[in-house]
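Reading through the structure tokens given below for one structure.
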Amino acid sequence: MTAPTSNDRRFLGRLSLPERRFVADALRTETVGGVLLLVAAVVALVWANTPLKDSYAAIRDFHIGPAALGLDLSIQHWAADGLLAIFFFVAGIELKRELVAGELRDPKAAALPVIAAICGMAVPALVYTLVNTIGDGSMDGWAVPTATDIAFALAVLAVIGTSLPSALRAFLLTLAVVDDLFAILIIAVFFTGDLNFAALGGAFAGLAVFWLLLRKGVRGWYVYVPLALVIWGLMYNSGVHATIAGVAMGLMLRCTTREGEKHSPGEHIEHLVRPISAGLAVPLFALFSAGVSVSGKAIGDVFTQPVTLGVVLGLVVGKAIGIFGGTWLAARFTRAELNPDLAWPDVFAVASLAGIGFTVSLLIGELAFAGDPAMTDEVKAAVLIGSLIAAVLASVLLKLRVRRYQALVVEEERDEDEDGIPDVYEEHTPEYHLRMADIYERKAAEHRERAQLAGASRDEADRPA
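With numbering that gives the first Met the number 0 as the guide, the letters of the sequence shown map in order to residues 0 to 464.
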């Protein structure tokens, strides 16, 4: 099995040890959150398609909040505009870390996943546009199939029992980070209403104070949480989608370590907030957004109406072709060498997995058809069906290679010298081989002693009574 050196920058090559540990920790939390997200979506669908559906609608549409501050919102709006701000706050930290310390810090290394992510958003939008141009449908939903839901994708991996090699997991995470960045830009540019410049100015002033406090080294959640709530409220009232406030604050955090620091402030805060995002904010959003009526007629309509068909084909076909095609072309023109332990079908399988566009796709669907509740529900149904088809397709493709992945994961995690560091990161150091020599010498001495004892026992047994 090929063992590239630690500074190997080939495409899907081995990660550095710190990066591998970060990716493993981040994806572990996202996997748990993804399972909760999956459960919340199922609960929402069951709740909305049983005799209890009236109670679901009543809770979802119940308004709460101070009207004087412009925050008398429904539970669904609090989930979409409030709780998802936490999700985008974590996305902002992830993006900042990737840019300064992760896979995106090196322009040459970043070029390929960035191109793949851009193509993975552009092609689904083109597929949607083509379907709706031919079918004379609405162009308002072009951005719906452009998003990837990393948590849901990881939940699918957990359910089917497939453990991807770290390079593929990192590629999927980087795709999701870049995907989130462009989704943020889409929301900010295309789904901003009439601007309230006084509120927007107040939000920017609050962000400036937030930045200044960070630079001065001020600590204490009791300072930042109230300030963040004020910034969020002002951003909401400004006409800009409130989740942008979360992204902006996440990007301001320092994600590089200084002397004496084991983790940067950004990584520390992300470690604290990510479980809230993955385990609470996103599942609650799914609970109050995924509850759409699902019937034979509704499912049939998804495949006959241009808007919903465009969403399904965008997620299933557009994502897979866009990410795989963009990756292949970028690798060819940059002469990037694919890790010989993997193959291009592995890239296509991950590209298919990226067609699961749940959380952000649902959010964009709500924004794109805000004035048409019936169409909003139909688009949500299309997102659910498209994500399900993408999940099944990716599961089949990944299962075809599961033995190869298991072998690679075992090799990556092998630690024969039991020092807590996988052997693949130490095999090129003399210290590792000296430790292994000591281990084998001790084992050899132990077996020689056992051989002597076994020989003595046999001689005793053979001795005549």
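Ideal placement from N, C-alpha and C gives every residue a C-beta, glycine not left out.
Per DSSP, the bridge partner or partners of residue i
i     : result
His62 : Ser73
Phe10 : Leu337
Check whether residue i and residue j have beta carbons under 7 Å apart
i      : j      : result
Val349 : Leu180 : no
Ala115 : Glu29  : no
Val130 : Gly364 : no
Gly81  : Ala277 : no
Asn236 : Ala187 : no
Phe287 : Ile420 : no
Val22  : Leu172 : yes
Gly321 : Gly119 : yes
Leu226 : Phe203 : no
Pro264 : Ala39  : no
Ala78  : Phe323 : no
Gly245 : Phe88  : yes
Ala146 : Val359 : yes
Tyr55  : Gly317 : no
Asp340 : Leu397 : no
Glu97  : Val34  : no
Arg434 : Asp416 : yes
Leu213 : Met251 : yes
Ala241 : Trp231 : yes
Leu233 : Gly259 : no
Val346 : Thr326 : yes
Where residue i falls, given that 16 or more other Cβ within 10 Å makes a residue buried
i      : result
Asp371 : exposed
Thr4   : Only weak support is given to the placement of Thr4: the predicted model assigns it a pLDDT of 40, under 50, and the value that follows is read from those uncertain coordinates. The residue is exposed, with fewer than 16 neighbouring Cβ atoms inside 10 Å.
Arg19  : buried
Pro305 : buried
Ala369 : exposed
Leu206 : buried
Val224 : exposed
Glu269 : buried
Tyr439 : exposed
Asn6   : Residue placement at Asn6 is poorly supported in this model, since its pLDDT is 42, which falls under 50; the coordinates still yield a value, given next. Exposed: under 16 other Cβ atoms inside 10 Å.
Trp46  : buried
Lys379 : buried
Glu266 : buried
Phe189 : exposed
Asp53  : exposed
Thr303 : exposed
Asp178 : buried
His76  : buried
Leu51  : exposed
Leu184 : exposed
Gly101 : buried
Asp437 : exposed
Phe196 : exposed
Arg482 : Outside the displayed range of the chain (0 to 464) lies residue 482, so it cannot be described from this structure.
Leu36  : buried
Glu445 : exposed
Leu174 : buried
Thr1   : Any reading at Thr1 is ruled out, since the residue's pLDDT is 40, under 50, leaving its predicted position unreliable.
Leu94  : buried
Ile63  : exposed
Beta-carbon separation (whole angstroms), residue i vs residue j, contact threshold 8 Å
i      : j      : result
Glu426 : Pro164 : Rounded, the Cβ-Cβ distance is 17 Å, inconsistent with contact.
Cys254 : Ile92  : 7 Å
Ser394 : Val155 : 6 Å
Asp376 : Ser294 : So it is not a contact: roughly 12 Å between Cβ atoms.
Thr191 : Gly238 : 6 Å
Val315 : Ala389 : 5 Å
Ser162 : Tyr404 : 6 Å
Leu83  : Leu279 : Incorrect: roughly 11 Å between the Cβ atoms, too far for contact.
Arg13  : Val409 : Rounded, the Cβ-Cβ distance is 15 Å, inconsistent with contact.
Any chain C beta carbon closer than 7 Å to residue i
i     : result
Gly64 : The structure shown contains no chain C; it is built from a single protein chain.
Distance cut-off 6 Å: residue i Cβ against heavy atoms of the ligand COA
i      : result
Phe190 : This structure lacks the ligand COA, and indeed carries no ligand of any kind.
| query | Looking at C-beta atoms only, is the number of pairs between the segment 98-117 and the segment 327-334 that lie closer than 8 Å three or more? | reply | yes
| task | Kindly confirm or deny that the segment 136-146 and the segment 308-327 touch, where touching means at least three C-beta pairs closer than 8 Å. | result | yes
| Quick check: the segment 378-388 against the segment 353-367, are there 3 or more CB pairs under 8 Å? | yes
| query | Any chance the segment 212-230 sits against the segment 51-63, with 3 or more Cβ pairs inside 8 Å? | reply | no
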